[in-house]
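So the protein sequences, as listed, match chains A and B. Using our numbering, read the first sequence as starting at 1 and increasing by one per residue. Using our numbering, read the second sequence as starting at 663 and increasing by one per residue. Below you'll find the structure, written out as structure tokens, and then a few comments.
2 protein chains.
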Amino acid sequence: MPEKVDFLFTGGAVVAMNEQFDVYTNGAVAVRGDSIVAVGEAEKIAAAYTAAETIDCAGQVVMPGLVNAHTHIPMSLLRGLNDDLRLDVWLGYLMPLEREFVTPDFVKLGSRLACAEMIRSGVTSFADMYYFEEAIAEETAAIGMRALLGQTILIFPTPDAPTYEDGLILCRRFIEKWNGHELIQPAVSPHAWYTATPELLRACADLARAFDVPIHTHIGETGFELDSCREQHHMPTVSWNAKNGVLDTKLLAAHCVHIDKGEMFALKKAGAGVAHCPTSNLKLASGIAPVAEMLEVGLNVGVGTDGPASNNDLDMFEEMRLAALLAKTQNNDPTALPARQALEVATIRGAKAMHMGDITGSLEPGKRADITIVDMDGVHNQPHFHNHADAVYSRLVYASKSTDVAHVMCNGRFLMRDRSLLTVDESQAKADAAQVAAEIDAFVRERESSPYNKLILLSGVQRQESFEIQVKVPIADDASVLAAVAGDQLEIVKRSHYKQYDQYFMFDQHDQDAARLRYREDEFVNDAGEVFQARSRLTLIGEEDRHAFPNAVMLSRSRFLADADRTLRFYREYFAPQAEVEVNKDRRRWRVLYQGTDFAINLDKLTLPEIDGYFLEIKSRTWSRTDAARKADLMTELLALLGADPATAERKEYPVLALSNA
Amino acid sequence: MPEKVDFLFTGGAVVAMNEQFDVYTNGAVAVRGDSIVAVGEAEKIAAAYTAAETIDCAGQVVMPGLVNAHTHIPMSLLRGLNDDLRLDVWLGYLMPLEREFVTPDFVKLGSRLACAEMIRSGVTSFADMYYFEEAIAEETAAIGMRALLGQTILIFPTPDAPTYEDGLILCRRFIEKWNGHELIQPAVSPHAWYTATPELLRACADLARAFDVPIHTHIGETGFELDSCREQHHMPTVSWNAKNGVLDTKLLAAHCVHIDKGEMFALKKAGAGVAHCPTSNLKLASGIAPVAEMLEVGLNVGVGTDGPASNNDLDMFEEMRLAALLAKTQNNDPTALPARQALEVATIRGAKAMHMGDITGSLEPGKRADITIVDMDGVHNQPHFHNHADAVYSRLVYASKSTDVAHVMCNGRFLMRDRSLLTVDESQAKADAAQVAAEIDAFVRERESSPYNKLILLSGVQRQESFEIQVKVPIADDASVLAAVAGDQLEIVKRSHYKQYDQYFMFDQHDQDAARLRYREDEFVNDAGEVFQARSRLTLIGEEDRHAFPNAVMLSRSRFLADADRTLRFYREYFAPQAEVEVNKDRRRWRVLYQGTDFAINLDKLTLPEIDGYFLEIKSRTWSRTDAARKADLMTELLALLGADPATAERKEYPVLALSNA
């Protein structure tokens, strides 16, 4: 007596992607509830099961749903906004936009658009990392896709968290709410080690371990990142992550372009997964990840599209093909990453990389019914050869297109049938996206004439990687400061002496990123009073987002730096400021440790305009509000130690600037 | 009074790809007969023209038909037959197949299949190179696509020409018949310098110049090719082609992966075009062509898919995207080959590379109406930004899919409307292709157990790059030979002395490639009679395709060589021969010049089986039948000079082998 099931996919070539790589040329898959009950020859399955509904798959391939192992789906709403730019310039464009536009509604709409695209191209599972991940989870679960979703945490303010402490709280709540959901696996997503402090990485690792959830983070994406890590921490990126506890979790490491064999073994030992993102890495000129080598080491490598702002699509057929093609030239070996292995990384290995290999990624009894059915009759995929078993993998990897996908089922539920989406209102999503794009267009057009964008167009910027906490006090003479730095309460780390020639371009607009542009020439002076070196830099200084602490200690965020390799005259013409202010000064600077904490002390004598007395400035970098509050207290102590009166501290810049700004 | 035209495409974004890169967001294109009459703003065009038929292109892009600058379209019938193999192994598989299957009917069917695929993906023009190009021209013209078609010529026998002289005659007739056709531009296609002699290259260049038609050839595809050229000719590949007249023609050079800056300038000066084939070059592990550099030099670079047997599709959207992506990582610069330039190489620059830039590749009044209309409303291509002009190029290059193409017109004739092909019976072509594939499957299955395929599966082969012309004569003693080589009529180029231990595996089958497999150990003997070096090689020797000249001089073709890095015992088990014959001998060998012509003289003393007297063998390489005839005459003279009697010459191998073969 045949057993009853809900669905029977029969008559197509079943490509199981199980351990034996079974291919049933005339095969069938039986599904009951959310799971696969049987996989095998069509005749045998037909004899053993009767189905409520039978789907004829003649001329098609029945295979596991594809696994997109790394993406940022809400960025579908930023697709094609800016391409062919350097990474710094691209981030310079995107970050202010994200700050302006990214809300729970935005990420839901972006998720809707992206899920529609992914379902159309045969994807059933993906690993995401973005802001407001809670909203993404709601949308994804409603649409019915399987996902590893990481709430992003970094030391900069994000659209959903002003500080990383807030981000950690948000992430913990997200995990508590979603852990154990049948489709959604919450995860902790420190963005990357270079946007984290060791404390942040450790806090993320602790959180992940406490709930036994994965960490999804970026590792080794660019050569610059590797160089920075070596310079700052004297070790490569995987090692630094390991040192800070990240490898003691269920890790999914995105990119891994610039990692070495030792790091591969460390990842392998940690049971970590890697998400290879070939299109994104090529497009941003990051390089080509050593995938064949990783596979040789035995790592669970998946393939990801990365976000649609750096790809610009979510097409896993393209991605797996590109992975296969690149590996061959990279290894000077056309047998590298053959078709079957390419499909493997795009399915079961990707699922394993996401720590979901036990429930998805292959067609096996007991696994969830995550199934993609692909038409094989397109003229671009003719003819078919049958003289060896691997030909079907060749067809799928080297000739099939995402638009060949006919039906998609996830967790036993149809998400697409005959190319019609069943769980996303695609037309409405497209219309809503058009509306958001129009708003972004307007925003960008307005900014187009701003100093910020002009600076970006000119030379790109490096966002200064700090909150700066600072205080400025006028003092009558320098004796008390010089006595203090000669005393034993401060440990002097470095001392320097410059002449600074600043030209401030003032802009008559309320732009949080661009109130003033400073062109600064620094002349470095040696002990004999001679100039021995010079440099020129542009700094764009914003006005808003300042947080005041007692005694006029301020937290300022928005600063963009760029090397100034052109003349002042050029910049004057190019930026066309509303007003200009020139400030020259002699600056003595000490980097000190006070009670174990790092501060910079500047003692400035203004020479233009000539102002009697001095200005004493104390600065420090900080990463969080609680740390800022602690340093603000230390700064008040320091002011006293240096002989200044905290009551006279200024809330503004040099009076001359405050004046012209008014 | 508005002017009358046949077609008006209106309401879409018109991307002209003219010199000014005009984009009309709401544009129109007017077509009369085979040509474009006007391009501009929709309103202006509507006021100036009335059309017999107006095509509403709202929500679409109207752009020039894509240009596939290098392919071998009949190989669509071999798509996916063998992938992930080394080039030698791949060729080893394909060449016998082509010899068996490639006929005029085969290339017509393959062309039909490929044209259907190319039209579907928005291609209107392509550059081909294959056998029976005449049949390809007939099919292409009937389907209505524009093409540069090169009749392939090489020194090996091809499916359509037993010698290169025959190939040249075929090519001349092809040019005479088709030159001046409105769609077809015939061309001369020496396959590559390394499958040509200098005489062949010169003959091709002369033919191309005589008719003022282009040459379409492969240059600089692999590093091995470059190394070979440097070794053989002491110059890089472009220089060697230049030296033999190829750059004095309208040249289209495919691949150019391994060329340097000097060669780029040489190509530029010659007005040559380059076809960049990124997918094929990656897939065969050939490398990445320095496209950004070529464009900087000002070369007309197009993009090509290469043949569908090494790609495996003819999708120019994929190809132009890949070109853009690869250039960025290759140059460590994400601004390299931006979207607009990628579309340029896939259209107008490709047309210029094919020496067709005056009639196609852009939408301009006076040019032929080669037009592709692309849907832009797919969910994978949302949303659209309009804050800068280049966004439309980003959408086309980084997010559009070939399946977004809705209509295609070539030379004023619709080839596809609303995704329906109008000039190819696609279903019939697919059914016919399935039939051919079944025949190829049967052929391959039968060969699967052959020594030839076993050899290939084991280690690949290098096809011996020669016809060998040879004669063998038994002689009583060695005195006359030794006297002659000491004399002044022969210039000795090289002398050597080996002990040869041959094990012949005999196969009981009629296989033109595999009658005997020889396992040979060569021991090199110095003047003192000591062995100082050894090597082992496998040679698979065919029986057929021999051409006899007077005096038993023979022309033999089929020989495949492979290094033997395993034991004789292994090979015996692996190949399971029907019989074995062992032959040991002492060989003295002289490479000589006789009347300016290169010959090898072998003087063999058989030690197993022991045979009285010696065997004298004279060999020479040859590339054509007329050259072979000339050398056969010289060989007869040489036999006399060496004291042998031509009348005793053998038509067979050593008698012991002839015997066991019987």
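Idealized CB from N, CA, C, for every residue including glycine.
Hey, how far is the Cα of residue i from the Cα of residue j?
| i | j | result |
| --- | --- | --- |
| Pro647/A | Thr636/A | In the sequence as presented, Pro is not what sits at residue 647/A; that position holds Ala. Rounded to the nearest angstrom, the two C-alpha atoms are 10 angstroms apart. |
| Gln185/A | Asp56/A | 33 angstroms |
| Asn129/A | Met978/B | This sequence places Met at residue 129/A; Asn is not what is there. Taking the straight line from one Cα to the other gives about 32 angstroms. |
| Val37/A | Met409/A | 14 angstroms |
| Arg741/B | Ala351/A | 30 angstroms |
| Glu844/B | Thr1259/B | 47 angstroms |
| Ala1093/B | Asp922/B | 46 angstroms |
| Ala137/A | Ile618/A | 44 angstroms |
| Ala210/A | Ala203/A | 10 angstroms |
Would you say residue i lies against chain A (beta-carbon separation less than 8 angstroms)?
| i | result |
| --- | --- |
| Gly882/B | no |
| Glu779/B | yes |
| Ile921/B | no |
| Lys770/B | no |
| Tyr1060/B | yes |
| Glu1088/B | yes |
| Thr991/B | yes |
| Asn688/B | no |
Would you say residue i lies against chain B (beta-carbon separation less than 8 angstroms)?
| i | result |
| --- | --- |
| Lys4/A | no |
| Ala484/A | no |
| His216/A | no |
| Ile440/A | yes |
| Thr403/A | yes |
Please tell me whether residue i and residue j are closer than 8 angstroms, where the distance is taken between their beta carbons.
| i | j | result |
| --- | --- | --- |
| Ala849/B | Ile877/B | yes |
| Asp84/A | Pro898/B | no |
| Ile440/A | Phe101/A | yes |
| Val397/A | Arg349/A | no |
| Met725/B | Glu1006/B | no |
| Gln1240/B | Phe1169/B | yes |
| Pro1136/B | Phe1261/B | no |
| Lys123/A | Ile371/A | This sequence places Val at residue 123/A; Lys is not what is there. Against a cut-off of 8 angstroms, the Cβ pair of Ile371/A and Val123/A comes out as no contact. |
| Met376/A | Gly11/A | no |
| Ser1198/B | Ala1226/B | yes |
| Val257/A | Ala289/A | yes |
Can you look up residue i in the DSSP assignment and give me helix, strand or coil?
| i | result |
| --- | --- |
| Phe1186/B | strand |
| Trp193/A | helix |
| Lys1063/B | coil |
| Ser1198/B | strand |
| Lys912/B | coil |
| His181/A | coil |
| Cys277/A | coil |
| Val471/A | strand |
| Trp623/A | coil |
| Val15/A | strand |
| Pro766/B | helix |
| Val965/B | strand |
- prompt: Touch check for the region 1141-1149 of chain B and the region 1296-1305 of chain B: three-plus C-beta pairs under 8 angstroms?
  reply: Yes, they touch.
- prompt: Between the region 192-210 of chain A and the region 242-253 of chain A, do at least 3 Cβ pairs fall closer than 8 angstroms?
  reply: The region 192-210 of chain A vs the region 242-253 of chain A: in contact.
field: Inter-stretch contact at 8 angstroms, needing at least 3 Cβ pairs: the region 705-713 of chain B / the region 360-371 of chain A
entry: Under the three-pair Cβ rule at 8 angstroms, the region 705-713 of chain B does not count as touching the region 360-371 of chain A.
task: Mind the definition here: the region 968-987 of chain B touches the region 943-955 of chain B only if three or more C-beta pairs lie below 8 angstroms; say whether that holds.
output: Because the criterion of three Cβ pairs below 8 angstroms is met, the region 968-987 of chain B and the region 943-955 of chain B touch.
- prompt: Between the region 771-787 of chain B and the region 727-735 of chain B, do three or more beta carbon pairs fall short of 8 angstroms?
  reply: Flag = yes, the region 771-787 of chain B and the region 727-735 of chain B touch.
query: Does the pairing of the region 154-166 of chain A with the region 619-628 of chain A give three or more beta-carbon distances under 8 angstroms?
result: The region 154-166 of chain A is in contact with the region 619-628 of chain A.
message: Between the region 222-234 of chain A and the region 267-276 of chain A, can you find at least three pairs of beta-carbon atoms closer than 8 angstroms?
response: No, the region 267-276 of chain A is not in contact with the region 222-234 of chain A.
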